[in-house]
Amino acid sequence: MTYHDALAQLGILHAHPGGEPLTAWWMGRVSMPEHARILDVGCGNGATACFMAQRWNADVTVLDVRKQMVDHALRLAAERNLRLRGVVGSAEAMPFQRESFHAIVSESVLVFTKPNRALREYRRVIEEQGVVIAIEMMTLGPVTDAWRREVRQLYGAQFVPDLSGWKRLFYDAGFDVKVLRSGSVSSLPLPVNQQEPTLADPKALLDPQIRTVLQQNAQWMEKHGKEMGYGVFELRCAIT
Ligand SMILES: C[S@@+](CC[C@H](N)C(=O)[O-])C[C@H]1O[C@@H](n2cnc3c(N)ncnc32)[C@H](O)[C@@H]1O
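Under UniProt numbering, the letters of the sequence shown match residues 1 to 240, in that order.
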């Protein structure tokens, strides 16, 4: 049972640092044309995609490597009388034409991918005038190999860069970056480990494996929350 298996089975919404409040925060700072074509990469259970469809009347496509996540997102949209387009696929090889989207939203996804490949894909499918919003975890100072090993084992995060590491990855993929906000995960008003989960399947909470994953997450965040940072990044295509 991985962290993402647990997220999928519990149907936890806004499973990224800062949760729903941080999503509402960046959405309040980004203007989007009506009916914009938006891609939510690594959509999870679809809460942000639904927000965007509702708030901007946007034409939202959700993509996730896990079919269960895409199914949940489509179900959430149907419950809210919204329409999303669902695609099961990987951020590193997306089944879309060049410049298919005006905006890409990627909330706590890149650390689970090969980020250089995924970012090249973001650059390929975004319009030249488009915008990418990414919320990502980052290290705030030096961390030990044991810290990195635990993050890999617990969360499946391949590599967590620091701020300059993220900036390098963004520039290398052809983006200019503006850091909209950054800080320690534990400084956020509602850290992800304290959110009230929204359950797709309430029985899932009784599953001992899921309980173990949740407990490990809470313990790790309690111990290391101060070292784990987050950034909200706005990426624009660099002029070449
Ligand atoms: C921490 S969750 C965040 C989900 C959602 N963005 C949110 O904020 O609630 C990470 C999501 O990325 C998805 N994911 C992981 N690796 C991926 C990949 N290579 N391509 C697409 N999605 C991926 C996972 O299945 C999961 O839904």
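Using N, Cα and C, we set each Cβ at its ideal position, and we do this for glycine too. The structure displayed is predicted, hence computed values, not measured ones.
For the UniProt domain "Methyltransferase" (38-130), the full-length alpha helix (DSSP H) segments reaching 4 residues or more read 47-56, 67-79 and 115-125 along the chain. In the displayed model, residue 177 falls within a strand according to three-state DSSP. Pairing residue 236 with residue 178, the inter-Cα distance amounts to about 8 Å.
In the DSSP assignment, the residues bridged to residue 236 are 131 and 176.
Here residue 222 carries a helix assignment [DSSP, helix/strand/coil]. Beta-bridge annotation (DSSP): residue 187 is not paired with any residue.
Per the Cβ contact rule, the region 115-134 is in contact with the region 165-174 (3 or more Cβ pairs under 8 Å). In the DSSP assignment, residue 21 falls within the alpha helix (DSSP H) that extends over 19-27. Here residue 34 is exposed: its Cβ has fewer than 16 other Cβ atoms, across all protein chains shown, within 10 Å.
Residue side-chain check: residue 113 places its Cβ nearer than 6 Å to a non-hydrogen atom of ligand 1.
Look at residue 108: its beta carbon is less than 6 Å from one of the heavy atoms in ligand 1.
Taking 7 Å as the cut-off, the beta carbon of residue 224 is found no closer than this to the beta carbon of residue 135. For the pair of segments examined, the region 130-145 was found to touch the region 92-106: the number of CB pairs separated by less than 8 Å reaches three.
Beta-bridge analysis with DSSP links residue 229 to 138 and 184.
Burial is judged here by how many other beta carbons sit within 10 angstroms of a residue's own beta carbon; residue 240 has fewer than 16 and is exposed. For residue 121 against residue 94, the beta-carbon gap comes to about 5 Å, under 8 Å, which counts as contact. Between residue 78 and residue 49, the C-beta spacing is not below 7 Å. For residue 162, the pairing in a beta bridge is given by DSSP as 139. Around the beta carbon of residue 146, fewer than 16 other beta carbons sit within 10 angstroms, so the residue counts as exposed. If you check the C-beta of residue 91 against ligand 1, you find a heavy atom less than 6 Å away.
Taking C-beta atoms as the reference points, residue 222 and residue 140 fail to come closer than 7 Å. Residue 34 carries a coil assignment under DSSP once its states are collapsed to helix, strand and coil. Residue 224 has its CB no nearer than 6 Å to any heavy atom of ligand 1.
In the structure shown, residue 210 adopts helical secondary structure according to DSSP, grouped into three states. In the structure shown, the three-state DSSP call for residue 13 is coil.
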